[in-house]
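Every letter in the sequence shown is one number past the one before it in our numbering, and letter 9, counting from 1, is 24.
First up is the structure itself, then whatever we jot down about it.
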Amino acid sequence: MKKDESGTECEAAALLDQLRRGLLAEAEAMAETALAEGKDVSPPLMTSLQTLLTSAPPGTTADLGELSRIHQAFARIVHPATPRAILLLKQERRRAWFIRLLGPVSLIRGLVIAAVISVALWIGLSLTQAADGTVNWTCDYGIKLLIEELHLLAAAGVGAAFAGLFQASRFVTRGLYDPKYASSYWVRFVLGIVAGMILALLIPIQSEALGDMGAPVLAMLGGFSVAVVYRILKRLVSTVEALIGGDLDARANAAIETEQARMSEALGRDRIRLGGALLKVQGQLGRIENEEARKLLETLISDLLGTPSAGGSESSSASPREPADESQEEEQTEESG
């Protein structure tokens, strides 16, 4: 038990020390950026940071509390830039100059390399006679068809790399880049290549303005905007579903209308039957001198049969009642009760 407790204490101390080092590194990077950009940094804040930077013992609870306060203060100063992005850019500036020449972060460098390869492949394949800007699957085959498809693939890669570089560079410039989203850029790059191939090969778009280079231009546009290709495919799927499922919808609507008509007819018959029964009850209650009960019954009959209550009362009073013996009256009274 003592060994387990000591091991847990060591792990907790290591985590606290790691947290302290991370906060301290971010605070130092934010201080350098704020001073370099001429932002308003109070001298007491810099003094507190200097005290923490020169303190030798590992951080305690009070030390972490003070460090957290300083970290939040610098984060408000450098806003909208994030502490993680500022620290990452500081670490990347320590790399060799020829590496930083391709971009400030690894994502930008990777997209630049992908863009250079795509452009070189596109230009190189454009010099061949096989890459004429059109793809005919029924007539072309072999090496010629392969070169044409690689040409479109390179064009889609150019568009996808351009879109990724444009978006990522904006976040890096504003200090909002987060390395945890780096994989999403590469996913969008692959989606752009696929979207460019789909737009150039599978979706028939004819335009005189594009000329002979229609397919490569469409591939580049598809690589640049994946969302447009997705909306086009979704619209095509909706159109096909409407064409296929039109008869089924019509049949379903006809069945619903038939069922509604049948239910309305049955409801009308039930109302007439109930109205007739109430008329019989009204005839039996005619001898009772209860004006309120008679008016209530007339109102119910008029609501069921859709006739005014006054007319209904006149017709009921004018119509002669059939004579009935006492036994029938008792049975009807028991049934109505």
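Every residue gets a Cβ at the ideal spot worked out from N, C-alpha and C, and that includes glycine.
Small disclaimer: the values here were computed from a predicted structure and weren't measured.
Item: Helix, strand or coil at S415 according to DSSP, with G and I counted as helix; Value: Since the displayed the chain opens at 16 and closes at 352, residue 415 lies outside it and no answer follows.
Item: Span of the alpha helix (DSSP H) around P58; Value: P58 to T69
Item: Cβ shell of E329 (< 6 Å), same chain only, five flanking positions each side left out; Value: Any answer about E329 is weak, because its pLDDT of 41 lies below 50 and its placement is not dependable; what the coordinates show is given next. Within the same chain, E329 has no close Cβ partners at all.
Item: Inter-residue spacing [alpha-carbon to alpha-carbon] between P95 and I123; Value: 21 Å
Item: Three-state class that DSSP yields for G172 in the structure shown; Value: helix
Item: For V127, three-class secondary structure by DSSP; Value: helix
Item: Neighbourhood of S83 by C-beta distance below 8 Å, restricted to the same chain and skipping five residues each side; Value: L38
Item: Counted within 10 angstroms of its Cβ, other Cβ atoms place M278 as buried (16 or more) or exposed; Value: exposed
Item: Residue range of the alpha helix (DSSP H) that includes S215; Value: The question names Ser, yet the displayed sequence has Ala at residue 215. Taken as a continuous stretch (DSSP letters only), the alpha helix (DSSP H) holding A215 covers A197 to L216.
Item: Distance, T69 Cα to D32 Cα; Value: 15 Å
Item: Exposed unless 16 or more other CB atoms sit within 10 angstroms - verdict on F204; Value: buried
Item: Contact the segment 198 to 215 vs the segment 164 to 172: 3+ CB pairs below 8 Å; Value: yes
Item: Alpha helix (DSSP H) segment containing R357, residue limits; Value: Nothing about residue 357 can be reported from this structure: the residues present for the chain run from 16 to 352 only.
Item: DSSP state of G190 mapped onto helix, strand, coil; Value: coil
Item: Proximal residues to A88 (C-beta, below 6 Å), its chain only, five neighbours per side dropped; Value: L60
Item: contact_flag[the segment 195 to 203, the segment 111 to 129] where n(CB pairs < 8 Å) is 3 or more; Value: yes
Item: Classification of W112 by the beta-carbon crowding that lies within 10 angstroms, buried from 16 upward; Value: exposed
Item: Beta-carbon proximity list for E24, same chain, < 8 Å, skipping 5 on both sides; Value: none
Item: Pick from A178, T314, R91 and R286 that is closest to L206, judged by C-alpha positions; Value: A178
Item: Integer-rounded CB distance, given that L136 should sit under 8 Å from V127; Value: Contact doesn't hold; Cβ gap of about 15 Å is too wide.
Item: Coil, strand or helix - D32 by DSSP; Value: helix
Item: Span of the alpha helix (DSSP H) around T115; Value: Before going further, note that residue 115 is Arg rather than Thr in the sequence given. Where R115 is concerned, the enclosing alpha helix (DSSP H) stretches over W112 to R115.
Item: Beta-carbon proximity of K159 to A145, cut-off 8 Å; Value: yes
Item: CA-to-CA distance, S141 to V134, given in whole angstroms; Value: 10 Å
Item: Cβ pair F239, A183 closer than 8 Å; Value: no
Item: Own chain, CB closer than 6 Å to A90, minus 5 neighbours either side, in chain order; Value: P98
Item: Whole-angstrom distance between D55 and I132, CA atom to CA atom; Value: 45 Å
Item: Exposure label - G53; buried when at least 16 CB within 10 Å; Value: exposed
Item: Closer than 8 Å to chain E by CB, L206; Value: Among the chains in the structure shown there is no chain E, since it carries only a single protein chain.
Item: Beta carbon of V93 nearer than 8 Å to that of A42; Value: no
Item: Candidates L102, A234, E256 and R288: closest to Y192 by CA position; Value: L102
Item: Straight-line Cα distance separating V243 from L161; Value: 26 Å
Item: Check: E164 C-beta below 7 Å from any heavy atom of the ligand COA; Value: Within the structure as shown, the ligand COA is missing, as the structure has no ligands at all.
Item: Through-space distance from H86 to K105, alpha-carbon basis; Value: 16 Å
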